[in-house]
Amino acid sequence: AHDGIGKLALANSRQTEFGSADCCTLKFLYTNAQSLSSKLDELRIQVAVLSPDIIAITETWLSQNISDCKVDLSGYQLFRRDHTHHQGGGVVMYVKSNFTVCEMTEKISNGIEAIWLKIKTRGSQSLEVMTLYRPPGTDTDADACLLENIKEISSRPDVVLMGDFNAPSIRWNDLQAQSSKFSFDHRLLKTTLEALFTQHVFVPTRARGGQQASCLDLVFTKDPDSINEVHYLPPLGRSDHAVLSWEYGLYSVPSAINETRPNLWRGDFCKIKAEHFSQFFQSVFTREAVFIPSSYETTGVPLIQDMLFQEVAVFEKLKSLKACKSPGPDEIPAKLLLELARELAKPLSLLCQKSFDTGILPTDWKTAHIAPLYKSGSGAFA
Numbered sequence: 288a289h290d291g292i293g294k295l296a297l298a299n300s301r302q303t304e305f306g307s308a309d310c311c312t313l314k315f316l317y318t319n320a321q322s323l324s325s326k327l328d329e330l331r332i333q334v335a336v337l338s339p340d341i342i343a344i345t346e347t348w349l350s351q352n353i354s355d356c357k358v359d360l361s362g363y364q365l366f367r368r369d370h371t372h373h374q375g376g377g378v379v380m381y382v383k384s385n386f387t388v389c390e391m392t393e394k395i396s397n398g399i400e401a402i403w404l405k406i407k408t409r410g411s412q413s414l415e416v417m418t419l420y421r422p423p424g425t426d427t428d429a430d431a432c433l434l435e436n437i438k439e440i441s442s443r444p445d446v447v448l449m450g451d452f453n454a455p456s457i458r459w460n461d462l463q464a465q466s467s468k469f470s471f472d473h474r475l476l477k478t479t480l481e482a483l484f485t486q487h488v489f490v491p492t493r494a495r496g497g498q499q500a501s502c503l504d505l506v507f508t509k510d511p512d513s514i515n516e517v518h519y520l521p522p523l524g525r526s527d528h529a530v531l532s533w534e535y536g537l538y539s540v541p542s543a544i545n546e547t548r549p550n551l552w553r554g555d556f557c558k559i560k561a562e563h564f565s566q567f568f569q570s571v572f573t574r575e576a577v578f579i580p581s582s583y584e585t586t587g588v589p590l591i592q593d594m595l596f597q598e599v600a601v602f603e604k605l606k607s608l609k610a611c612k613s614p615g616p617d618e619i620p621a622k623l624l625l626e627l628a629r630e631l632a633k634p635l636s637l638l639c640q641k642s643f644d645t646g647i648l649p650t651d652w653k654t655a656h657i658a659p660l661y662k663s664g665s666g667a668f669a
């Protein structure tokens with residue numbers, strides 16, 4: 288049996304980033320022991336080496352005559368379901384003592400030994416774990432009830448369903464059952480696929496001399512990336528079932544997020560609008576090339592000797608103003624200049640003449656209001 292199991296050195300590999308800040312990793316160890324009492328020493332060695340968080344064992348062959356203290360593991364909580372009707376069967380689960388564990392009370396199929404736990408780790412969401420043993424030759428009613436249990440547990444967000452299902456005719460590599468559609472194997476495959484379960488064991492887990500190796504021990508999860516790799520280890524003692532170990536990625540519950548919300552009542556919206564408008568204006572402003580000659584050549588250039596600012600010319604310029612134009616920094620509206628053109632023509636002509644004759648341009652004449660005008664494109668950006 289050990290030689291057969293030793294050849295099963297294959298693993299189902301899935302690329303998942305475990306150990307990240309938002310992912311809690313739980314270590315699992317599972318096997319079909321075929322009598323736990325006689326293999327406790329080997330189990331304790333495995334536990335000391337691997338330090339799993341959750342241990343599940345089927346076919347414990349325990350009875351009520353064996354007390355908990357004889358099968359307990361230091362640092363672990365013990366949960367057991369013994370077979371009471373005949374020899375064999377039975378399920379045991381060990382969970383590390385620092386985890387909060389609640390045993391689910393939902394009814395499990397008669398004839399099926401199962402333990403259903405809800406495990407809460409610090410900083411992570413709860414994980415529901417079911418371990419079951421389905422004996423060969425289980426009656427049809429018990430099988431139907433078991434399939435209903437599988438449908439029920441599939442509605443949970445984080446689930447690990449594992450155990451010895453005794454369904455050897457399923458080829459999990461291509462999801463085919465080499466049996467009739469009324470067989471348990473076919474119905475198990477159909478139920479798990481419809482429930483969107485992912486099965487992570489793809490090679491035989493049981494090998495006995497003279498018999499064909501078969502995949503009896505299965506591990507189901509709801510998230511296909513929750514298990515990165517399943518390792519196949521030698522059996523415990525003379526058992527003909529491999530020991531399976533894997534890590535399950537359980538995402539952490541995010542801490543409360545402190546949201547900073549702006550106080551709309553204290554907002555300086557005039558300033559905000561001005562800043563947005565300024566940014567937009569700068570983004571569309573055309574920067575002209577600056578060219579300043581190093582010197583001016585004045586030889587041969589005709590000079591302006593005299594220029595007369597005649598009153599009639601100034602009057603015509605004032606009359607050509609558009610009354611709708613906005614005022615400049617002097618706050619004098621164009622309509623007022625237009626209405627008083629005749630009265631203003633003479634003083635303005637004298638001012639312009641004086642400025643030209645002295646070569647001095649008044650500072651106030653150099654200032655103006657410059658505003659960008661929306662011409663085309665989306666008005667939302669103007």
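Read left to right, the sequence shown gives residues 288 to 669 (our numbering). The beta-carbon is built from N, C-alpha and C at its ideal position, and this holds for glycine as well.
Notebook entry, point to check: Quick one: complete alpha helix (DSSP H) runs, 4+ long, within the stretch 564 to 638?
Noted result: 598 to 606 and 621 to 626
Notebook entry, point to check: Among Gly362, Ala401 and Val599, which residue has its Cα nearest to the Cα of Phe386?
Noted result: That would be Gly362, whose Cα lies nearest to the Cα of Phe386.
Next item on the list: Could you spell out the range, first to last residue, of the alpha helix (DSSP H) harbouring His370?
Entry: No alpha helix (DSSP H) holds His370; DSSP gives it neither H nor E.
Margin query: Assuming Ile440 and Leu419 are in contact, meaning their beta carbons sit under 8 Å apart, how far apart are those beta carbons, in whole angstroms?
Written below: Contact flag wrong, Cβ pair sits at about 10 Å.
Note to self: According to DSSP, simplified to helix, strand and coil, what is Leu316?
What the structure shows: strand
Next item on the list: Ignore the nearest five residues each way along the sequence and tell me which others in Val388's own chain have a CB closer than 8 Å to its CB.
Entry: Gln364, Phe366, Val382, Leu404, Lys405, Ile406 and Lys407
Next item on the list: Taking the CB atoms as reference points, tell me whether Tyr317 and Met417 lie closer together than 8 Å.
Entry: no
Note to self: Along the chain, where does the beta strand (DSSP E) containing Lys407 start, and where does it finish?
What the structure shows: Glu400 to Lys407
Next item on the list: Note down the Cα distance separating Phe489 from Pro511, rounded to an integer number of angstroms.
Entry: 14 Å
Checklist line | Same chain, Cβ closer than 6 Å to Asp340, neighbours up to 5 away in sequence not counted | finding: Cβ neighbours of Asp340 beyond the five flanking positions: Leu313, Lys314 and Lys383.
Notebook entry, point to check: How is Asn436 classed by DSSP in three states: helix, strand or coil?
Noted result: Asn436 falls in the helix class under three-state DSSP.
Note to self: Do Ile344 and Val379 have their beta-carbon atoms positioned less than 8 Å apart in this structure?
What the structure shows: yes
Notebook entry, point to check: How about Thr492 and Asp504: do their beta carbons lie closer than 8 Å?
Noted result: yes
Next item on the list: Look at the Cβ atom of Gln412, then the Cβ atom of Tyr538, and state whether they are nearer than 8 Å.
Entry: yes
Check: Ordered along the chain, which non-local residues of its own chain (more than five positions away) have a Cβ less than 6 Å from that of Ala632?
Finding: Glu598, Val601 and Phe602
Margin query: Please report the straight-line C-alpha distance between Leu434 and Trp552, rounded to a whole angstrom.
Written below: Distance from the CA atom of Leu434 to the CA atom of Trp552, rounded to whole angstroms, is 60 Å.
Note to self: Tell me the residue span of the alpha helix (DSSP H) that contains His473.
What the structure shows: Phe471 to Glu481
Check: What whole-angstrom Cβ distance do Thr654 and Pro616 have, given they're in contact under 8 Å?
Finding: 5 Å
Check: For Arg629, does the count of other Cβ atoms within 10 angstroms reach 16, so buried, or fall short, so exposed?
Finding: Its Cβ having fewer than 16 others within 10 Å, Arg629 is exposed.
Item checked: Residue nearest to Val447 in terms of C-alpha spacing, selected from Arg409, Gly424 and Ala401 -> When only C-alpha atoms are compared, the closest one is Ala401.
Note to self: I'd like to know if Phe489 contacts chain D, where contact means its C-beta is closer than 8 Å to some C-beta of that chain.
What the structure shows: Here chain D cannot be found, since the structure has a single protein chain.
Next item on the list: Can you tell me the Cβ-Cβ gap for Ile437 and Thr392, rounded? I've got them flagged as a contact below 8 Å.
Entry: Not a contact, Cβ separation roughly 18 Å.
Next item on the list: Name the two residues that bound the continuous beta strand (DSSP E) containing Val416.
Entry: Leu414 to Tyr420
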